[in-house]
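Read through the structure below, which is laid out as C-alpha cells, and then see the notes.
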Amino acid sequence: MATLARSSDELERLADELRGLHAGDLSVDRARVESIIDSVGETALRATLVVPEPAGDTWPVDTYFALRRSVNQIAVRLGFDEVVYVDLSAPSDIEELEEQADTDDDGDPETDAAVDAAITKQSTMDEPE
Numbered sequence: 004m005a006t007l008a009r010s011s012d013e014l015e016r017l018a019d020e021l022r023g024l025h026a027g028d029l030s031v032d033r034a035r036v037e038s039i040i041d042s043v044g045e046t047a048l049r050a051t052l053v054v055p056e057p058a059g060d061t062w063p064v065d066t067y068f069a070l071r072r073s074v075n076q077i078a079v080r081l082g083f084d085e086v087v088y089v090d091l092s093a094p095s096d097i098e099e100l101e102e103q104a105d106t107d108d109d110g111d112p113e114t115d116a117a118v119d120a121a122i123t124k125q126s127t128m129d130e131p132e
C-alpha cells in the first residue's frame with residue numbers, strides 16, 4: 004500500500020532528481036511532483052515535466068514512455084512506493100497558464116482554485132506501466 008502523505012521535502016527531492024532527465028531528444032527543464040488520489044482511490048504521485056516544445060503536434064510516444072519508465076524507476080530508487088503519473092508540458096503552455104493565472108487572480112477562492120487546477124492539469128494523464 005502506498006504512503007498516504009509525502010512531505011514537501013520528499014516531493015521536492017524527487018523533482019530535483021527528475022530535472023535534467025533525458026529520453027530521446029528530450030531533456031526535462033523543470034519538474035514538479037505532487038501527491039494525488041488516482042481514479043481508483045489509491046495514493047499516487049503526479050510529475051509535471053516541462054520539456055522543449057514538440058517538433059510536431061506532440062512528443063514521440065516512445066520518448067514519452069521512456070521518460071515515464073525512467074521517472075518511476077527513479078521514484079522506486081528513492082524509496083517511493085506510489086505510482087507516478089507523468090504529464091509533459093511545453094514552456095509555452097506553462098507561460099500561457101501562468102499569465103492567465105496572473106490575470107484571473109481576483110481573490111475569489113473558487114476562481115483561483117479553478118485556475119490552479121488548470122495549471123496543474125497540463126496534459127492527459129495516462130495510466131502507468
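Take the sequence shown: its position 22, counting from 1, is numbered 25 in this note's numbering, and each next residue is one higher.
The beta-carbon is built from N, C-alpha and C at its ideal position, and this holds for glycine as well.
- Rounded to the nearest whole angstrom, the CA to CA distance from Gly59 to Phe68 is 17 Å.
- Boundaries for Val79: no beta strand (DSSP E) harbours it, while the alpha helix (DSSP H) harbouring it runs 64–80, taken from the DSSP string.
- Residues of the same chain with a CB within less than 8 Å of the CB of Thr66, apart from the 5 flanking positions on each side, are Ala26, Gly27, Asp28, Leu29 in chain order.
- Scanning its chain for C-beta atoms nearer than 6 Å, with the 5 sequence neighbours on each side dropped, one finds around Ile39 the residues Ala47, Arg49, in chain order.
- Contact check for Arg16 against Leu81 passes: the beta carbons are separated by less than 8 Å.
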